[in-house]
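Numbering (our numbering), first residue to last: 596 to 834.
We put the beta carbon where it would ideally sit given N, CA and C, even for glycine.
Taking it in order: structure first as structure tokens, then the write-up.
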């Protein structure tokens, strides 16, 4: 397996195949202001809850070319909470927690919980190429983003795992919004970087989705939910 350093994550990470899709403005809309959400300490998931989603399958069973293909999916997800566990709680609703592997900030994990604290989905997120990487100017066009992706030279993977189709559909909108915030490097002020926020919302990030299969069979691939992202202001995602 390759060893990647945190500096890579702060620089240029992720996928040459991402495309633009029709999206919404980064400016707050009425539904945004109605959502009450606040930052919380990231809740590290219980190992048994994660294994219920993926059994004992290795990452290579769903992503043969992944650097961590020999790792158990459950181990990879839990390892993604080694550093900087962060979280966002929607009032009377779901929450999301995320983090990254120690000294490998491009190897992230995220877990969405329902209002009762039960896991809805867990995700492995590798090699995100950021619209705003904190080093150079934020990119706001497909041409500029394509160059950043090409320069990154990484193999991105975004995979979500859920116990059922229903759990996947319920947890995915918040995860999708988190992914948009991740593209922006979190801690974003969309009033100051409106163009970058709008661009991040329009990017269609390829995501593979899986639900738990029969015992011993590992996760089964399903269609990725296509609904809108949760109406949470991007600036609420703080790391």
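Among the residues of its own chain, which have a CB less than 6 angstroms from the CB of residue 777, if the five just before and after it don't count?
723
Could you check whether residue 804 and residue 818 sit closer than 8 angstroms to each other, using their CB atoms as the reference points?
For residue 818 and residue 804, yes; Cβs fall inside 8 angstroms.
For the alpha helix (DSSP H) containing residue 794, list its first residue and its last residue.
789-797
My parser needs the alpha helix (DSSP H) runs of 4 or more residues fully inside the region 663-710; what are they?
668-674
Can you list, in chain order, the residues of its chain whose CB lies under 6 angstroms from that of residue 766, leaving out five sequence neighbours each side?
707, 715, 716
Do we get a CB-CB distance below 8 angstroms when we pair residue 719 with the residues of chain B?
Judged by its chain identifiers, the structure shown contains no chain B, having just a single protein chain.
Is the distance from the Cβ of residue 657 to the Cβ of residue 671 below 8 angstroms?
No. Outside cutoff.
Who are the Cβ neighbours of residue 703 in its own chain at under 6 angstroms, not counting the five residues just before and after it?
675, 695, 720
Going by the DSSP bridge assignment, what does residue 719 pair with across the sheet?
704, 754
Spatial neighbours of residue 677 within its chain, please: C-beta separation below 8 angstroms, excluding the five flanking residues on both sides.
694, 695, 696, 697
As a quick exercise: from 635, 768, 783, 725, pick the residue whose alpha carbon is nearest that of residue 701.
Among 635, 768, 783, 725, the Cα nearest to that of residue 701 is on 725.
Indicate whether residue 813 and residue 649 have their beta-carbon atoms separated by less than 8 angstroms.
A contact, by the Cβ cut-off of 8 angstroms.
Between which two residues does the beta strand (DSSP E) carrying residue 632 extend?
632-636
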